Each structure stands twice: as C-alpha cells, then as structure tokens.
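**Q**
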Amino acid sequence: MAYTEEELKKELETKEYEYGFYTDIESDTLPVGLNEEIIIAISKKKEEPDWMTAWRLEAFKHWKEMEEPDWANVHYKKPDFQAISYYSAPNKKPKYNSLDEVDPELLETFKKLGISVDEQKKLAGVAVDIVMDSVSVATTFKKTLAEKGIIFCSISEAIQEHPELVKKYIGTVVPQRDNFYAALNSAVFSDGSFCYIPKGVRCPMELSTYFRINQAGTGQFERTLVIADEGSYVSYLEGCTAPSRDENQLHAAVVELIALDDAEIKYSTVQNWFPGDKEGKGGVFNFVTKRGLCEKNAKISWTQVETGSAVTWKYPSCVLKGDNSIGEFYSIAVTNNFQQADTGTKMVHLGKNTRSTIISKGISAGKSQNSYRGLVQVNSRAENARNFSQCDSLLMGNECGAHTFPYIEAKNKSAQIEHEATTSKIGEDQIFYCNQRGIDTEKAIALIVNGFSKEVLNKLPMEFAVEAQKLLEISLEGSVG
Amino acid sequence: MLKIKDLHASIDDKEILKGINLEVKAGEVHAIMGPNGSGKSTLSAVIAGKEEFEVTQGSVELDGEDLDEVAPEERAHKGVFLSFQYPVEIPGVSVTNFIKTAINESRKARGMEEMPANEMLKMIREKSELLDIDRKFLSRSLNEGFSGGEKKRNEIFQMAMLEPKLAILDETDSGLDIDALRIVANGVNKLKSKDNAVIVITHYQRLLEYIVPDFVHVLHNGKIVKSGGKELALELEEKGYDWIKNEAVV
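As they're listed, the protein sequences go chains A and B.
For the first sequence, counting from 1, position 388 maps to 388 in the working numbering; every step adds exactly one.
Residues are numbered in the working numbering as their position in the second sequence, beginning at 1, plus a constant of 1000.
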C-alpha cells in the first residue's frame, strides 16, 4: 500500500490510550483546597511525628510566596491549586501478608496492566512496592531484603519506623524551597517509596515501584527517597500508567537520591501516564523534580523512557559533589498528538575529576512539541571535569517540533565539555526501503524508532527494556490495518 | 516471469514512462541502458511498487499476477528485490538485525516459522564470504557511514540472503571502484540460476563486461527504443547515446 507522509502522520495519530480504565475502590478523600489545616490534616491522617508536620508547614510557607514557573517550552492552562483534593487513600488499608488478602479489584487493575502482582512475585529478583493513589497497599519481597538490612517501604512507613534516616536526608538534595512544585510536594506529599541500602551491600534484586493515579481530581504528590550508603549498589525501577480521564490531573513528584562514597544508584523510569486524547483534551500534567547527590567516587545513572503525560516538565539531575563522582542521564522522550515535553537534565560538577554523560533521544509525532533542556555546570573548584552530551531528535510528519536548549556554564578552565546534536526525520524513503525488503510499515517504524533509541534502551534492565520497547511501539504505531 | 505491458507511469502528473513493453523469463539477464532522465530508475521503482509513481496505463505482471494492487512488501515476499541506487541509512539498526527482520517477515508472509538462529548464522557466513564482507561490517548500523562501495556490496549481500526470484540492480556499478565492481558482479553471477532473473540497470557498459546480459534494452524518453543482444551495449558505448536519440527522433 501507499505510504505517504500524510498517511504516516494519520497512522501515528490513531493511537488510543491502552490503559484507560478506572478502578472503583472506596477511598477516603480530604476536601478540596490547600491551607494549613489541610496540611495538618494530612500529617495527622498519616500519624506523623511533629517534626514532619512542621517540615510540611515550612514548605507550605515557602510555596505561598513562590510563583509557578513559566520558562519551560510548554503551554497549558494553569491548574487551580485550590480546586484539588490533596489526599486520597484507599479506605481498606490493611497490612497484607499475602496476595490473597489484597482487594481483588486492585489485583484486577494490575492484571489489566499486564503486570499483576502475581506475575511480579514470580519474576525472579523483582520486589514491587505498589503505590495506588497515595498509600502503599502491598509490599512484596520485603523479607528477603530485610535479611540484607535493606529497607524498602513506603515513605509513610519510613517516617514511622526509621525517622532518623528520613529526618537526616529528606530535603537535603531537593530542599523545600527548591522550586514551586517541589515546595508544593514537600507540603502535601501523600506517599511514595523509601529505600535504604546499608554499607557495602549490593541489592540482590531490582527494586520496582508501579505508580498509578487513580482517584478523579486527586493530585498525586509522590515523594521518593533512596539512600545508598557507602560502597553499596541499587537498581531502582519506576513505572507508571494512569486511567484515562477528561479533566487534567496534576502530578508533582519529588525524587531524591543520595549516593554516599563509592555507592552506585541506577534509577530507571518508564512513564506512560494518560497523554490526553487526539484533540489534546485531558491528560496528566507531570511536574517532577528528580535529583541525586553523589559523594566521593559515587555514581548515579538516570534512565528514563517518557511516553505519557499531556505536559512533562522534568529534569533528573546529578550534583557531583564528591571527587571522581559520575553522573549519567539517558532519556527517550516520545510525544504524539498534542503532548508537550520539556525535559532534560542538570549536571552540576563540584568535585574534582567528575564526569557526566547525557544521551537524550526525543521522538515527536502528531502536533506535539518535544524540548530538551540541559545544563552542564562546572564549578570553579571542579578540576578536570568532563561532560559529553548528545541530543538527537527524530521527527515524524510536518506538524511536530523538536527543540534543544543546552546551557553550559564552565568556571574552570580544565573542563572538557562536548555537545552533539542531530535532528532527523523518518522519511518515506526509509519506509519504502524497508517495505522493499519485505518489512511492512508498522514493523519498519518500530525498527527505525528502536534503532534511534538503542543507546538508551540498552541502559535499561532487561525486563524493563522489553517493556519499554513495546511501549515505544504502542505509542507511535497505533493500529495499522 | 515478469511481463510489462504498455506501462505508463507518472509522478506529480508528469509522465515518465510512456509505454514500456518488456518480458523477462526465468534464467535470463536483461540490461536496461539509457541516458540520464530516460526513466531507468522510475521503471525499477514502479516494478518494486513505490507509490509516489502512479501507473496510468498498462500493467506489470509477476508470474501471471497483476501487481497493481500489491503492496511493496508483498512484492518483496513474492520474490522481487531492488538493489537501490541510493540505499538509505537506518541508524542504530545493524545490518544483521535488518536482514534478520527482512527474512523473517518474508517467511511469516509465506506461512513459515522464523529462521532458526544457527541456520541464519550459517547463511550469513556463506553469503558474506561470497561477497568478501568482513564480519565486523555486519554489526554496523545499516548504511550509516558506509562508503559508496560498501553500500552497494551490502545491497548485494541482502540480495544473496533473500534469494529473490527477480532482482533489479539499479545503477549498482555507480560509485564502485574496479575491485569492488568485480566482487559485486562475481557475487551476482554466483547467485544466478535457471530459476531466477536479473535486470541490470546501468548507464555504462562497464558492468556488463562482468555480468553478461542475454538482452540489452535502450530506454529513451520513457520508451524502449532499441533491443538487442549483448553487442548492443558495445555499440552504445562506441556511438554514445546521441546515436539513439537521433534515431529516436527519426
């Protein structure tokens, strides 16, 4: 069949959200609006200690004085922060010992996602801390981890049971007043994950969290804190899907990673939130602050595959504080229809001999806009800092856009900074060439996109890479007849 | 095998092919020669099914089946292979991965299982030796950063792997030095059998010294204006295309 530019475009636009469904689980929701009483109520519901309540209130104080940033290359109707309910927890909040005790409807939800807890349990080496709406409802593999002294639980639980660790580290990488969304998150965060790897321990399995926005009109404010103590290693996976909904849903998460001397953290994300429909209606607003701190000889790798959300504002960053520390950022961002993404990273070189690598792959289709924004900053004391950045954009059709905003600030003469950027387009010629070799158009696009994204896909843990590859294909191909 | 009857084709309402008649039987090698802009590449693209070109009249038949409604990939499954004049680059997709996908897609279309890995490996080894291809070459991204010669050699390698019924070599000689030309031609000759056919499209006679055609056709202004044996190519080389052009006017 003919495969003109026009048809290619049409085909790309005929993708429907695969995971659009809604789970009806009773939940306990606070009234809409945001004020000190609400924050105190959240803190109380979670039975938090006073210091935590005070910390939230302090964040709220900062937030009130801040303004929503508008420098990103995204356009959307600003959310009404007083029209959001800031707390929604599933009512049945038991502590499960086995899956049989879990609400069957919840299990059904996971089955629809193709990632049932059942399966997950069987998947060797994957422990799942499931976050549904705001409170963790199931945690698996905890025992095995406990034997190694690894703590992997919800942040609420960590506040109760490991207050010394939370108190010591929360807000040290992303301070309350860091930015508008981080301040909001600090004030109202409902739940999230907490992970601590003790000195010298190599976490024997990939730690995995599936996030899911569920309750209509509920903002989702996850807080994740990962601490890798000296000489330890952990690989953390975060994946998410959301039910399809008309109104916009706000998501403002904060993720803080702390890699102490000689520690290594690998943080991988596959994000597939509802991107809005073909007309650009609905979809999740995703304003995320992710940052990691590297002490001496430590290493942090961020790998992300971003295919969802109507608006994405996200810059997983590394502060390379310790000498010889390493920061890496590997990203694939796909936008289709009316999606807008402004994503990238910040690599802040403070220590000597620090190295950073940035590989960003943007794929735009439909009428979407895809921007890479990255900062490489070399401090005056950071001798021999090195950075390599590569930003590639792949365009499909004539109505989408790809933008690159690299910022470089080098205050030390010994710094070596390299930046490469390319923009290419899937052409009819490429498609025809594949067709001529017997490869149909759907498969051809998958092949081209996977080839384009290969360097990043290779960085994902095996099981995740397969899933991500599938997601890329779903995101871009739609239903080819 | 291939029957082209009164084929007219145009692009953007501009007629390029103006009534081509050609019959190619199994076991034959045909050469199509002609000056620039005579419609050589259009003819190969139309046979392969490139949809930018609109067939306004006439037909292309493969083994008695009219190809008009047949998609390019289905034509490939039926055994049509086009060696591109300008092979495209697909970054991040290795030669091996590409050919594996191509072979398995064709097998799938024919209702066959995927080719077992060891069988594929054996075949890759054989065919790459045939074309004097370095194994390292196979792991490189398809055509990315390839020299002109490497691109063409890769096309013939794919042809060898796919074992087509009808192979069309569109200006495979352009961009090849004499050694590469010899290797490529040698490869094509080894792949020739009584069951398949080759159409060699070329501007120069040079390639035909190595791949000896049974028939030579001269294309000019969208029509075959002269057909003959292999000696026609030599005559053309000697007299130049003006000879044909002048004759065509008369």
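We treat Cβ as the ideally placed atom computed from N, Cα and C, and that holds for glycine.
Note that this is a predicted model, so its numbers are computed, not measured.
(1) Please list, in chain order, the residues of the stretch 425-438 of chain A that have any C-beta partner in chain B closer than 7 angstroms.
(2) Please identify the residue among V449(A), Q82(A), P69(A), I431(A) whose C-alpha is closest to the C-alpha of N35(A).
(3) Looking at the strands, I want to know which residues DSSP matches up with T357(A).
(4) Please report the Cβ distance between N336(A) and G366(A), rounded to the nearest whole angstrom; I am assuming they are in contact, meaning their Cβ atoms lie under 8 angstroms.
(5) From C391(A), L472(A), L476(A), C434(A), pick the residue whose C-alpha is nearest to that of H1077(B); which is it?
(6) Going along the chain, which residues of its own chain have a beta-carbon closer than 7 angstroms to the beta-carbon of K321(A), five neighbours each way excluded?
(7) What's the C-alpha gap between E959(B) and C195(A)?
(8) In the DSSP output, what is V1093(B) paired with across the bridge?
(9) What residues in its chain sit with their C-beta under 6 angstroms from that of A228(A), if we drop five residues either side in the sequence?
(10) According to DSSP, is V456(A) helix, strand or coil?
(11) Which residue from S1141(B), D1013(B), L1162(B) puts its Cα closest to that of E1126(B)?
(12) How would you label Y407(A), buried or exposed, when you count the other beta carbons within 10 angstroms and need 16 or more for buried?
(13) Look up S156(A) in the DSSP assignment and say whether it is helix, strand or coil.
(14) Along chain B, which residues have their Cβ under 8 angstroms away from the Cβ of D440(A)?
(15) In this structure, how does DSSP classify P406(A) when only helix, strand and coil are distinguished?
(16) Indicate whether S1094(B) and H1220(B) have their beta-carbon atoms separated by less than 8 angstroms.
(17) Going straight from the alpha carbon of Y76(A) to that of G280(A), what length do you get?
(18) Check the C-beta distance from L1130(B) over to G1187(B) and give it rounded, since I have them as a contact under 8 angstroms.
(19) Contact defined as beta carbons within less than 8 angstroms: I believe M396(A) pairs with I426(A). What is the distance between those atoms, to the nearest angstrom?
(20) What residues of chain C sit near I448(A), judged by a beta carbon separation below 9 angstroms?
(21) With a threshold of 8 angstroms between beta-carbons, can F452(A) be considered close to chain B, or not?
(22) Grab me the residues of D1066(B)'s own chain with a C-beta within less than 6 angstroms of its C-beta, minus the 5 sequence neighbours each way, in chain order.
(23) Name the chain A residues whose beta carbon is nearer than 8 angstroms to that of H1220(B)?
(24) Roughly how far, in whole angstroms, is the beta-carbon of S1257(B) from the beta-carbon of P1091(B), given that I think they are within contact range, below 8 angstroms?
(25) Assign M462(A) to buried or exposed, taking buried as 16 or more other Cβ atoms, counted over all protein chains shown, within 10 Å of its Cβ.
(26) Can you find a C-beta in chain A that's less than 8 angstroms from the C-beta of L1236(B)?
(27) Following the continuous beta strand (DSSP E) through T422(A), name the residue where it begins and the one where it ends.
(28) Would you please verify whether the beta carbon of A1160(B) is less than 8 angstroms from any beta carbon of chain A?
(29) Starting from S1059(B), follow the beta strand (DSSP E) in both directions and report where the run begins and ends.
(30) Please go through the same chain and pick out, in chain order, the residues whose beta-carbon is closer than 6 angstroms to the beta-carbon of V348(A), but skip the five residues on each side of it.
(31) Name the two residues that bound the continuous beta strand (DSSP E) containing Q436(A).
(32) From the DSSP output, in three-state form, read off W55(A) for me.
(33) Of all the CB atoms in chain B, is at least one closer than 8 angstroms to the CB of K443(A)?
(34) When the Cα atoms are used, what is the spatial distance from K1226(B) to I1178(B)?
(35) Among E442(A), A382(A), G362(A), which has the Cα closest to the Cα of I326(A)?
(36) By the three-class DSSP mapping on this structure, what secondary structure does V74(A) have?
**A** Let me spell this out:
(1) Those would be D429, Q430, F432, Y433, N435, Q436, R437, G438, in chain order.
(2) Q82(A)
(3) Beta-bridge pairing by DSSP links T357(A) to E328(A), F388(A).
(4) 5 angstroms
(5) C434(A)
(6) L293, C294, E295, L350, G351
(7) The question about residue 959(B) has no answer here: the residues shown for chain B are numbered 1001 through 1250.
(8) For V1093(B), which the question treats as bridged, DSSP gives no partner whatsoever.
(9) I197, V234, A259, A263, I265
(10) helix
(11) L1162(B)
(12) exposed
(13) Helix at S156(A).
(14) A1071, E1073, E1105
(15) strand
(16) no
(17) 10 angstroms
(18) 6 angstroms
(19) 5 angstroms
(20) Among the protein chains in the structure shown, which are A and B, there is no chain C.
(21) Yes, its Cβ sits closer than 8 angstroms to a Cβ of chain B.
(22) S1059
(23) Result: empty, since nearest Cβ-Cβ is about 26 angstroms, beyond 8 angstroms.
(24) This structure does not reach residue 1257(B), given that chain B is present from 1001 up to 1250, and the question cannot be answered.
(25) exposed
(26) Output row for L1236(B): interface = no.
(27) 416-425 is the extent of the beta strand (DSSP E) around T422(A).
(28) no
(29) 1054-1062
(30) V319, Q377
(31) Taken as a continuous stretch (DSSP letters only), Q436(A) belongs to no beta strand (DSSP E), being part of the alpha helix (DSSP H) at 428-436.
(32) helix
(33) yes
(34) 28 angstroms
(35) Ranked by how close their Cα comes to the Cα of I326(A), the residues E442(A), A382(A), G362(A) have A382(A) in first place.
(36) coil
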